[in-house]
Amino acid sequence: MENFSPFWAVAIEMVIIGIAILAFYAVVGLYLVYAERKVCAFMQCRVGPNRVGPYGFFQTIADLIKLLMKEL
116 MENFSPFWAV
126 AIEMVIIGIA
136 ILAFYAVVGL
146 YLVYAERKVC
156 AFMQCRVGPN
166 RVGPYGFFQT
176 IADLIKLLMK
186 EL
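Put into structure tokens, the structure is as follows:
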């Protein structure tokens, strides 16, 4: 622990904070896509995404995986 300078402590702290911020925005993005699908379904008088997982929440994750597979 003698070689552990304050620079590395700050660097590790910044990385952890950055990961936390990215995770927060990823979850917010997932929720907003889900809400958009539900609002569009309501406006078009249809049920909306409800076949995959609880209340169709995993449909967004399935779409993300599909998009990533297309890009790779």
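Going by my numbering, the first residue of the sequence shown is number 116, and it counts up by one from there.
C-beta: ideal position from N, C-alpha, C; glycine also.
Remember, predicted model here, so these are calculated numbers, not experimental data.
Boundaries for Leu-187: no alpha helix (DSSP H) harbours it, and the DSSP string shows neither H nor E there. Under the three-state reduction of DSSP, Gln-174 is assigned to helix. Phe-119 places its beta carbon 9 Å or farther from that of Leu-145. Boundaries of the alpha helix (DSSP H) around Arg-152: 121-158. Distance from the CA atom of Lys-181 to the CA atom of Pro-121, rounded to whole angstroms, is 43 Å.
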